[in-house]
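Residue numbers for the sequence shown follow full-length UniProt numbering, so the first one is 1 and each next one is one higher. Positions of the beta carbon are idealized from the N, C-alpha and C atoms, including for glycine. What follows is one structure encoded as structure tokens, with my remarks underneath.
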Amino acid sequence: MTQIMFGHGVASGDPLPTSVVLWTRVTPTPEALPGSGVGPDTSVTWQVATSQAFSSIVKSGTVTTGTDRDHTVKVDATDLAPGTTYWYRFVADGQNSPIGRTRTAPADETATGKLRFGVVSCANYQAGFFSAYRHLAGQQLDAVIHLGDYIYEYANGEYGLGQGNVVVRPQQPEHEILVLDDYRQRHATYKSDPDLQTLHASAAFICTWDDHETANDAFIGGAENHDPATEGDWEARRQAAFRAYDEWMPVRMSGTSAIGDGYQLYRRFRFGQLADLSMLDLRTYRSAPGGAFDFTPIPDAPNRKIAGDEQLGWLESGLVESDAQWKLIGNPVMITPVLFPPLPNQVRDALVDFAGLLPVEGQAYNTDQWDGYTVERRRVLEFLADHGIINTVFLTGDIHSGWACELPVNPGLAPFSTNIGTELVCSSVTSNNLKDIVGAPPRSVSVGVETAIKTANRHIKYLDFDSHGYSVLEVTPSRLQMDWYVISDRADPQATAAWSTSYSVEAGTQRVQKVSAPTVGGAA
1 MTQIMFGHGV ASGDPLPTSV VLWTRVTPTP EALPGSGVGP DTSVTWQVAT SQAFSSIVKS
61 GTVTTGTDRD HTVKVDATDL APGTTYWYRF VADGQNSPIG RTRTAPADET ATGKLRFGVV
121 SCANYQAGFF SAYRHLAGQQ LDAVIHLGDY IYEYANGEYG LGQGNVVVRP QQPEHEILVL
181 DDYRQRHATY KSDPDLQTLH ASAAFICTWD DHETANDAFI GGAENHDPAT EGDWEARRQA
241 AFRAYDEWMP VRMSGTSAIG DGYQLYRRFR FGQLADLSML DLRTYRSAPG GAFDFTPIPD
301 APNRKIAGDE QLGWLESGLV ESDAQWKLIG NPVMITPVLF PPLPNQVRDA LVDFAGLLPV
361 EGQAYNTDQW DGYTVERRRV LEFLADHGII NTVFLTGDIH SGWACELPVN PGLAPFSTNI
421 GTELVCSSVT SNNLKDIVGA PPRSVSVGVE TAIKTANRHI KYLDFDSHGY SVLEVTPSRL
481 QMDWYVISDR ADPQATAAWS TSYSVEAGTQ RVQKVSAPTV GGAA
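Shown next as structure tokens:
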């Protein structure tokens with residue numbers, strides 16, 4: 001009976017020293033399906049315990065959910081102990097949910113010795129199975145950082161070019177999602193996945209969105225994948241997507257209330273004296289991008305925004321006031337400048353398709369990324385340099401490939417320019433990479449492209465256009481290390497995972513260096 005009432009699993013998120021968000025969805029009657037708008041109001045009890053056997057329940061409460069929130073339940077469990085592992089569950093109509101594990105953040109003044117985060121992005125349901133999530137769940141994490149594209153909006157069979165346009169498994173609804181009930185059903189499809197449920201039940205998530213939670217290449221006034229003539233008002237679609245996200249994700253919208261109607265998603269987390277984590281929203285406030293090989297609007301125009309003045313001011317204040325050893329920034333799209341060398345047309349077109357890159361020889365016009373919003377990027381990087389802020393690491397997704405980069409003040413002088421930070425980019429869970437689209441054997445076409453890009457960009461130290469998987473970030477006072485793991489086959493539900501490579505950043509250096517072995521699991 002548990003699978004009927006709690007068929008979408010449980011989740012936790014946004015851990016603070018004394019509180020964490022708890023989430024589930026109930027199905028009180030067979031017809032009360034996600035997005036259906038039917039089903040009775042249901043009373044749900046939540047419980048938090050210090051043991052998996054629930055022999056000591058330390059917090060509990062009861063809430064009522066119904067069709068107004070698509071029968072989702074989201075509560076903020078407060079008055080918890082800092083730096084503590086808890087187990088939680090829900091009870092409805094005499095049925096217990098699956099049990100979830102979560103962990104509060106250390107107290108602000110705590111001298112934390114180690115943190116372990118999962119780092120993931122870009123999980124396209126129809127493109128493959130979420131084996132990466134299943135394997136990541138075994139890494140003994142303090143939290144999972146999800147950098148966006150948690151869901152995709154496309155109809156079955158309508159995402160990807162060439163060999164990358166595959167439907168390994170169909171999703172619901174079958175058509176492109178446009179209205180609130182569509183977005184609710186798509187979130188439900190993802191939350192029904194057993195591997196995603198396993199990961200959610202293993203650790204708290206800290207999430208931001210990118211574009212596909214709404215529509216491809218979204219910006220403040222529209223999206224590449226939105227036609228008002230046939231798909232209606234953009235703002236109505238965006239508000240529907242935001243509301244479904246608020247209902248279905250274990251996040252604090254507006255930064256304060258776990259069940260509010262506000263849609264501010266940028267927010268900050270503190271993990272003792274070891275790390276701050278600032279999660280950015282780079283879609284809600286951004287100016288319109290240019291299209292492929294379209295250089296209007298000009299990326300250097302001073303009025304172009306990717307984060308907006310208010311969010312950048314919030315970021316700058318947090319950075320300059322932080323006394324944490326590491327300043328981590330959850331950054332949905334790459335901030336590293338990328339200059340493109342000459343590339344074959346087939347490869348160039350594939351890069352445009354899978355990553356939104358717009359490679360023009362000798363220019364860095366990746367207009368969907370910070371390369372298309374250079375004034376705000378310059379503001380961020382110069383702020384770091386002017387205030388002497390060190391140990392800043394941007395954690396990034398979006399681009400369906402793995403990167404380890406240094407952030408020089410002047411990229412044209414790399415490797416001789418002073419570095420003011422680093423950027424580590426996780427690969428996609430399933431979304432198309434270069435190998436998928438071109439249909440080439442692994443480590444064939446991509447190797448030449450990676451070499452050419454690294455040669456033209458000396459600040460880029462690692463690049464992998466072939467792999468799907470996940471990353472593990474371990475943070476200690478003296479160093480930070482990212483481990484990249486790859487799965488054997490995204491189309492295989494039993495895919496294996498293997499360590500691929502690791503890069504570290506020693507405190508105070510602002511440089512990445514390859515290391516010979518992954519970190520060993522174990523939460524702090």
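Paired residues, beta bridge with residue i - DSSP
i, result
"V445", "Partner(s): none; V445 has no beta bridge."
"N96", "V91"
"residue 527", "Absent from the model: residue 527. The displayed extent of the chain is 1 to 524, so no value can be given."
"T501", "W484"
"G221", "The partner list for G221 (beta bridge, DSSP) is empty, contrary to what the question assumes."
"T392", "K327"
"E474", "R116, Q481"
"M279", "R267, G330"
"K454", "Bridge partners of K454: none, in fact."
"S43", "T64"
"K59", "V48"
"F205", "G13, V144"
"K74", "W23"
"V168", "V168 is not bridged to any residue."
Whole-angstrom C-beta distance between residue j and residue i, which should lie under 8 Å
i, j, result
"P82", "A105", "7 Å"
"L274", "A324", "6 Å"
"G7", "V472", "Wrong, their Cβ atoms sit about 29 Å apart, outside the cutoff."
"P518", "S504", "Incorrect: roughly 11 Å between the Cβ atoms, too far for contact."
"A137", "S202", "4 Å"
"S56", "T65", "About 27 Å separates the two Cβ atoms, so there is no contact after all."
"V475", "L115", "4 Å"
"L381", "I420", "6 Å"
"S428", "S121", "7 Å"
"I487", "G160", "About 18 Å; that fails the 8 Å criterion."
"G35", "Q185", "4 Å"
"P191", "G469", "Note on residue identity: the sequence assigns Lys, not Pro, to residue 191. K191 to G469, Cβ: 21 Å. No contact."
"T284", "I206", "That pair is no contact at about 18 Å."
Span separating the alpha-carbon of residue i from that of residue j
i, j, result
"V58", "G318", "33 Å"
"T509", "L463", "21 Å"
"P15", "F269", "8 Å"
"K514", "L277", "24 Å"
"V63", "R25", "12 Å"
"A155", "P28", "29 Å"
"D489", "R378", "39 Å"
"L196", "H135", "10 Å"
"F465", "P477", "31 Å"
"Q47", "S60", "4 Å"
"T72", "D142", "25 Å"
"Q171", "P30", "20 Å"
"D181", "D108", "40 Å"
"P302", "D210", "23 Å"
"V520", "E406", "25 Å"
"S467", "G388", "36 Å"
"V512", "F340", "21 Å"
"T367", "D300", "11 Å"
"L282", "I335", "11 Å"
"H226", "L33", "27 Å"
"L312", "S287", "14 Å"
"V445", "S431", "18 Å"
Buried versus exposed call for residue i [16 or more other C-beta atoms within 10 Å across all chains shown]
i, result
"N391", "buried"
"R252", "buried"
"residue 525", "Nothing about residue 525 can be reported from this structure: the residues present for the chain run from 1 to 524 only."
"P228", "exposed"
"S12", "buried"
"L413", "exposed"
"V338", "buried"
"V449", "buried"
"I4", "exposed"
"W416", "A small correction: the amino acid at residue 416 is Phe; Trp does not occupy that position in the sequence shown. Exposed."
"E153", "buried"
"P194", "exposed"
Heavy atom of the ligand NAD within 8 Å of residue i beta-carbon
i, result
"L178", "The ligand content of the structure shown is nil, which means the ligand NAD is not present either."
For the segment 421-435 against the segment 394-406, do three or more pairs of beta-carbon atoms, one drawn from each stretch, fall closer than 8 Å, so that the two count as touching? The segment 421-435, when compared against the segment 394-406, does touch it at the 8 Å Cβ threshold.
Would you check if the segment 387-400 and the segment 83-90 touch, i.e. whether three or more CB-CB distances between them fall below 8 Å? These segments do not touch.
Counting pairs of beta carbons, one from the segment 21-41 and one from the segment 206-218, are three or more of them closer than 8 Å? With a cut-off of 8 Å, the segment 206-218 and the segment 21-41 do not count as touching, because too few Cβ pairs lie within range.
Check whether the segment 170-188 touches the segment 133-149, counting contact only when three or more Cβ pairs, one atom from each stretch, lie closer than 8 Å. Contact between the segment 170-188 and the segment 133-149 is absent: fewer than 3 CB-CB pairs across the two stretches fall below 8 Å.
Take every Cβ of the segment 368-379, pair it with every Cβ of the segment 441-454, and state whether three or more of those distances are shorter than 8 Å. With a cut-off of 8 Å on Cβ pairs, the segment 368-379 is not in contact with the segment 441-454, counting fewer than three such pairs.
Can you confirm whether the segment 130-142 touches the segment 479-499 when touching is taken to mean that 3 or more C-beta pairs between the two stretches lie within less than 8 Å? With the cut-off at 8 Å, the segment 479-499 and the segment 130-142 touch.
The segment 302-310 in contact with the segment 450-458 per 3-pair CB rule at 8 Å: No: the two stretches stay apart, fewer than three of their Cβ pairs being nearer than 8 Å.
Three or more C-beta pairs under 8 Å: does that hold for the segment 69-81 against the segment 19-30? Look at the beta carbons and you see the segment 69-81 touching the segment 19-30: at least three pairs across the two are nearer than 8 Å.
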